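Enquirer: Below is one structure. I have some questions about it.
Residue numbers (this note's numbering): 605 to 707.
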């Protein structure tokens, strides 16, 4: 069964949806133009992917930075503590490089 077999067209909103009800990208043959509703559906899917990628990135930062906890969802706080942690790591690196030179 291909991915296209899992798509359903909704006459209500004019969007193609997968088996989970999510709007899916519309792909046409070369030279065929997309309708306005197909362009809108593609834009919605692209935006959802972009937002999910951003969420995934913040989740990864929460896992990596020791001063962050999963309950801290403020993007500004996550970025601030990530910058602090990177500065700390850079300082630690300089200290270790200095120790290696002295050996």
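Idealized CB from N, CA, C, for every residue including glycine.
All values derive from a computational prediction rather than experimental measurement.
1) Determine the contact status of residue 645 and residue 668, defining contact as a CB-CB distance below 9 Å.
2) Do you know how far the Cα of residue 659 is from the Cα of residue 648?
3) Buried or exposed: where does residue 630 fall if 16 or more other Cβ atoms within 10 Å of its Cβ makes it buried?
4) Do residue 662 and residue 690 have their C-beta atoms closer together than 9 Å?
5) Look at the alpha carbon of residue 671 and the alpha carbon of residue 680, and state the distance between them as a whole number of angstroms.
6) What would DSSP say about residue 678, mapped onto helix, strand or coil?
7) With DSSP as the reference, label residue 637 as helix, strand or coil.
Expert: Looking at the atomic coordinates:
1) As a position in the chain shown, residue 645 is number 41, starting the count at 1. As a position in the chain shown, residue 668 is number 64, starting the count at 1. Not closer than 9 Å, so no.
2) Indexing the chain shown from 1 puts residue 648 at position 44. Indexing the chain shown from 1 puts residue 659 at position 55. Here the alpha carbon of residue 648 sits roughly 16 Å from the alpha carbon of residue 659.
3) Stepping through the chain shown from its first residue, residue 630 is reached at position 26. By the neighbour-count rule (16 or more Cβ atoms within 10 Å), residue 630 is buried.
4) Counting from one through the chain shown, the residue named residue 662 turns up at place 58. Counting from one through the chain shown, the residue named residue 690 turns up at place 86. No, Cβ-Cβ distance for residue 662 and residue 690 is not below 9 Å.
5) As a first step, residue 671 must be located in the chain shown, where it is residue number 67. As a first step, residue 680 must be located in the chain shown, where it is residue number 76. The straight-line gap from Cα to Cα measures roughly 14 Å.
6) Here the question's residue 678 lines up with position 74 in the chain shown. Residue state, collapsed to three classes: coil.
7) Position 33 of the chain shown, counted from the start, is the residue given in the question as residue 637. Reduced to three states, the DSSP call for residue 637 is coil.
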